[in-house]
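Chemist: For the sequence shown, the numbering used here gives the first residue as 1, with consecutive numbering after it.
Pasting in a structure now, in structure tokens, and then I'll have a few things to ask.
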Amino acid sequence: MRHDGLERLVDANANRVREGLRTLEDLARFVMDAPETARDLKGVRHEVTAAADRLLGPTSMARDTAGDVGTTNSTAGELARPGLVAVAEAAGGRVAEGCRSLEEAAKVLDAGGRIATAIQSARYAAYDLASVVTVALSRGRPSGWRVQVLLTESVCRRPWAEVLEAVIAGGADAIQVREKHLEPTALVDRVRAVIEIARPAGIPVVVNDRADVAVAAAADGVHLGQDDLPVEAARRVVGGLALIGGSAHELDEARRNHEAGCDYCGMGRFAASTTKPDVVAGGPALVRAMSATFPEWPQLAIGGIGPDNIDQVVAAGGVAIAVCEAACDADDPAAVVADLRNRLQQASESTAVAEVSP
Numbered sequence: 001m002r003h004d005g006l007e008r009l010v011d012a013n014a015n016r017v018r019e020g021l022r023t024l025e026d027l028a029r030f031v032m033d034a035p036e037t038a039r040d041l042k043g044v045r046h047e048v049t050a051a052a053d054r055l056l057g058p059t060s061m062a063r064d065t066a067g068d069v070g071t072t073n074s075t076a077g078e079l080a081r082p083g084l085v086a087v088a089e090a091a092g093g094r095v096a097e098g099c100r101s102l103e104e105a106a107k108v109l110d111a112g113g114r115i116a117t118a119i120q121s122a123r124y125a126a127y128d129l130a131s132v133v134t135v136a137l138s139r140g141r142p143s144g145w146r147v148q149v150l151l152t153e154s155v156c157r158r159p160w161a162e163v164l165e166a167v168i169a170g171g172a173d174a175i176q177v178r179e180k181h182l183e184p185t186a187l188v189d190r191v192r193a194v195i196e197i198a199r200p201a202g203i204p205v206v207v208n209d210r211a212d213v214a215v216a217a218a219a220d221g222v223h224l225g226q227d228d229l230p231v232e233a234a235r236r237v238v239g240g241l242a243l244i245g246g247s248a249h250e251l252d253e254a255r256r257n258h259e260a261g262c263d264y265c266g267m268g269r270f271a272a273s274t275t276k277p278d279v280v281a282g283g284p285a286l287v288r289a290m291s292a293t294f295p296e297w298p299q300l301a302i303g304g305i306g307p308d309n310i311d312q313v314v315a316a317g318g319v320a321i322a323v324c325e326a327a328c329d330a331d332d333p334a335a336v337v338a339d340l341r342n343r344l345q346q347a348s349e350s351t352a353v354a355e356v357s358p
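Written out as structure tokens, the structure reads:
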């Protein structure tokens with residue numbers, strides 16, 4: 001029995017899958033600098049090509065581009081992408097849909113089912129790899145953060161790993177490893193251990209002060225103080241995709257961070273705390289000034305913030321915070337983080353509703 005239509009379907013979808021995988025492969029190779037992911041994507045692409053060739057031989061024999069009524073169909077969404085994450089999501093979607101069509105066609109064209117099984121395996125592998133690329137490109141974008149936890153072992157009431165697991169369970173959006181007194185080798189080991197716990201949960205990890213350690217440990221970024229490496233130099237060290245946060249105690253410092261290209265700003269001190277007792281607290285006034293001056297730039301109010309004064313942060317317009325003692329020294333770190341995050345999230349949602357209301 002002839003299956004001309006199915007042969008064209010296989011040809012079209014094999015191309016669709018290969019193109020999507022190539023896009024993901026290029027993102028992994030050139031943007032993420034992730035050779036292993038790029039290699040794995042290339043392997044899946046070759047598997048799909050081999051499966052299609054086993055079904056049809058050279059698939060170009062079935063090609064009829066001029067007679068394909070679908071080549072002129074397009075939507076507005078296909079003509080523009082808001083960013084690389086959207087590019088990866090679209091490519092992953094094409095791969096998944098194309099593999100599914102190939103798999104179903106193979107069930108008809110290959111009575112033994114081996115080719116369909118091979119395509120199914122490739123489809124599952126592609127799901128995982130597309131997710132790796134998408135998560136890597138979108139990992140920890142600060143605009144969506146509510147609570148970053150500064151993990152410092154000396155502040156932790158319980159073993160630091162237990163505290164880390166608890167704050168992640170409570171909904172922490174990011175972890176900053178802040179260990180001022182560890183030697184570089186020990187700090188790299190610590191950051192890697194933190195990443196091993198945080199990354200499976202999709203939680204980004206940044207390193208306080210040390211861009212070199214961030215790179216050595218494959219962290220998601222670095223947080224710089226005013227006396228640390230300049231932002232431009234740090235960017236050359238950590239690369240274009242890594243996060244760079246900057247501390248600011250006043251608006252002028254924040255402006256410098258913003259102009260230098262920091263992805264987010266830690267602004268404070270909001271209230272007095274034992275971690276930096278010599279820094280003057282800026283309080284709600286600094287939060288209000290920062291929110292008004294940089295409405296689109298992610299900002300984390302920091303310094304002495306906890307359940308007792310989070311409402312002051314919210315009232316001043318703050319939507320995200322960084323905490324150390326409030327979480328690390330708590331009886332129940334998960335509950336504290338969950339409470340802080342919920343109150344910030346509710347405030348953010350209320351503000352969004354108010355902005356769109358007539």
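All C-beta atoms, glycine included, are put in the ideal place defined by N, C-alpha and C.
State yes or no: is the C-beta of Ala271 within less than 7 Å of the C-beta of Gly225?
Modeler: On the sequence shown, residue 271 is found 271 positions in, with the first residue counted as 1. On the sequence shown, residue 225 is found 225 positions in, with the first residue counted as 1. Contact flag unset, no.
Chemist: Pop quiz: Glu179 and Arg190 are said to be a contact at Cβ under 8 Å. What is the actual Cβ separation, rounded to whole angstroms?
Modeler: Position 179 of the sequence shown holds residue 179. Position 190 of the sequence shown holds residue 190. Indeed they touch by this definition, with Cβ atoms about 6 Å apart.
Chemist: Give me whichever residues DSSP pairs with Leu182 in a beta bridge.
Modeler: Indexing the sequence shown from 1 puts residue 182 at position 182. Note: Leu182 sits in no beta bridge, so no partner.
Chemist: How would you write the range of the alpha helix (DSSP H) that Leu286 sits in, first residue to last?
Modeler: Working through the sequence shown from its first residue, we reach residue 286 at position 286. Segment 283-293, the alpha helix (DSSP H) holding Leu286.
Chemist: Given that a residue counts as buried once 16 or more other Cβ atoms are within 10 Å of its Cβ, and exposed if not, what is Ala285?
Modeler: One-based indexing of the sequence shown puts residue 285 at position 285. So Ala285 counts as exposed.
Chemist: How far does the alpha helix (DSSP H) with Val238 in it reach, from first residue to last?
Modeler: Looking up residue 238 in the sequence shown gives position 238. It spans 231-238 - the alpha helix (DSSP H) in which Val238 sits, taken as one unbroken run.
Chemist: Helix, strand or coil for Arg148, going by three-state DSSP, please let me know.
Modeler: Taking the sequence shown and counting its residues from 1, the one referred to as residue 148 is at position 148. According to the sequence displayed, residue 148 carries Gln and not Arg. Note: Gln148 maps to strand in three-state DSSP.
Chemist: Between Pro142, Ser154, Arg157, Arg199, which lies nearest to Ile168 when the distance is taken from Cα to Cα?
Modeler: Counting from one through the sequence shown, the residue named residue 168 turns up at place 168. Considering only alpha carbons, the answer is Arg199.
Chemist: Out of Gly113, Arg29, Gly92, Lys42, which has the shortest C-alpha to C-alpha gap to Arg54?
Modeler: Locating residue 54 in the sequence shown gives position 54, where the first residue counts as 1. Measuring from the Cα of Arg54, the nearest candidate turns out to be Gly113.
Chemist: Sorted by chain position, which residues of the same chain lie with C-beta nearer than 7 Å to Leu41's C-beta, five sequence neighbours on each side aside?
Modeler: Position 41 of the sequence shown, counted from the start, is the residue given in the question as residue 41. The residues are Leu21, Leu24, Glu25, Ala28, Leu129.
Chemist: What beta strand (DSSP E) runs, 3 residues minimum, are completely inside the stretch 154-233?
Modeler: Whole beta strand (DSSP E) segments, 3+ residues: 174-177, 205-208, 221-224.
Chemist: Going along the chain, which residues of its own chain have a beta-carbon closer than 8 Å to the beta-carbon of Arg157, five neighbours each way excluded?
Modeler: Here residue 157 is taken as the residue at index 157 of the sequence shown, counted from 1. Excluding positions up to five away in sequence, the list reads Val163, Cys328, Asp329, Ala330, Asp331.
Chemist: What are the start and end residues of the beta strand (DSSP E) that includes Val31?
Modeler: Residue mapping note: residue 31 aligns to position 31 of the sequence shown, counting from 1. From DSSP, Val31 is part of no beta strand (DSSP E); its letter is neither H nor E.
Chemist: For a quick check, are the C-beta atoms of Asn13 and Leu109 less than 7 Å apart?
Modeler: Stepping through the sequence shown from its first residue, residue 13 is reached at position 13. Stepping through the sequence shown from its first residue, residue 109 is reached at position 109. Against a cut-off of 7 Å, the Cβ pair of Leu109 and Asn13 comes out as no contact.
Chemist: Short of 6 Å in beta carbon distance, which residues of its chain neighbour Val205, apart from the five on each side in sequence? Order them along the chain.
Modeler: Translated into positions along the sequence shown, residue 205 becomes position 205. The residues are Ile175, Val194, Ile195, Ala198, Ala219, Asp220.
Chemist: Output the distance between the C-alpha atoms of Val48 and Ala38, rounded to the nearest integer angstrom.
Modeler: As a first step, residue 48 must be located in the sequence shown, where it is residue number 48. As a first step, residue 38 must be located in the sequence shown, where it is residue number 38. Roughly 16 Å between the two C-alpha positions.
Chemist: Does the Cβ-Cβ distance between Leu187 and Ala211 come in under 7 Å?
Modeler: The residue given as residue 187 occupies position 187 in the sequence shown. The residue given as residue 211 occupies position 211 in the sequence shown. No, the Cβ-Cβ distance between Leu187 and Ala211 is not below 7 Å.
Chemist: Short of 6 Å in beta carbon distance, which residues of its chain neighbour Arg45, apart from the five on each side in sequence? Order them along the chain.
Modeler: As a working mapping, residue 45 is identified with position 45 in the sequence shown. Contacts found: Arg18, Leu21.
Chemist: How would you write the range of the beta strand (DSSP E) that Val323 sits in, first residue to last?
Modeler: The residue labelled residue 323 in the question sits at position 323 within the sequence shown. 321-323 is the span of the beta strand (DSSP E), which, as asked, contains Val323.
Chemist: What do you reckon, are the CB atoms on Leu300 and Ala322 nearer than 7 Å?
Modeler: The residue labelled residue 300 in the question sits at position 300 within the sequence shown. The residue labelled residue 322 in the question sits at position 322 within the sequence shown. Yes, the Cβ-Cβ distance between Leu300 and Ala322 is below 7 Å.
Chemist: For Gly266, name the three-state secondary structure that DSSP assigns.
Modeler: Here residue 266 refers to the residue found at position 266 when the sequence shown is read from its first residue. In this structure, Gly266 counts as strand in the three-state DSSP scheme.
Chemist: Going by C-alpha distance, which of Ala233, Gln346, Ala326 is nearest Cys262?
Modeler: Within the sequence shown, numbered from 1, the residue matching residue 262 stands at position 262. Checking every option, the nearest Cα to that of Cys262 belongs to Ala233.
Chemist: Ends of the alpha helix (DSSP H) at Ser101?
Modeler: One-based indexing of the sequence shown puts residue 101 at position 101. Counting along the chain, the alpha helix (DSSP H) containing Ser101 begins and ends at 84-109.
Chemist: Answer with buried or exposed for Thr293, where buried requires no fewer than 16 other C-beta atoms within 10 angstroms of its C-beta.
Modeler: On the sequence shown, position 293 is the one that residue 293 refers to. Result: exposed.
Chemist: Give the single residue among Arg236, Ser291, Ala161, Trp160 whose Cα lies nearest to the Cα of Ile254.
Modeler: Taking the sequence shown and counting its residues from 1, one reaches residue 254 at position 254. Reading off the sequence shown, one finds Ala at residue 254, where the question assumed Ile. Comparing Cα positions, the closest option is Ser291.
Chemist: Going by beta carbon distance, what residues of the same chain come within less than 6 Å of Val87, once the five residues before and after it are set aside?
Modeler: What you label residue 87 is simply residue 87 of the sequence shown in a count that begins at 1. Answer for Val87: Arg81, listed in chain order.
Chemist: Using the C-alpha atoms, what's the distance from Gly83 back to Val237?
Modeler: The count along the sequence shown starts at 1 and reaches residue 237 at position 237. The count along the sequence shown starts at 1 and reaches residue 83 at position 83. Cα to Cα, Val237 sits roughly 23 Å from Gly83.
Chemist: Can you tell me whether DSSP reads Leu241 as helix, strand or coil?
Modeler: Taking the first residue of the sequence shown as 1, we reach residue 241 at position 241. Leu241: coil per DSSP, three-state reduction.
Chemist: Just to check my reading of the structure: Lys359 and Ala118 have Cβ atoms closer than 8 Å, yes? What is that Cβ distance to the nearest angstrom?
Modeler: Since the displayed the chain opens at 1 and closes at 358, residue 359 lies outside it and no answer follows.
Chemist: For Tyr124, count neighbouring Cβ atoms within 10 angstroms of its own Cβ and tell me buried if that reaches 16, exposed if not.
Modeler: What you label residue 124 is simply residue 124 of the sequence shown in a count that begins at 1. It is exposed - the Cβ of Tyr124 has fewer than 16 other Cβ atoms within 10 Å.
Chemist: Does DSSP put Gly5 in a helix, in a strand, or in coil?
Modeler: Taking the sequence shown and counting its residues from 1, the one referred to as residue 5 is at position 5. Three-state DSSP puts Gly5 in a helix.
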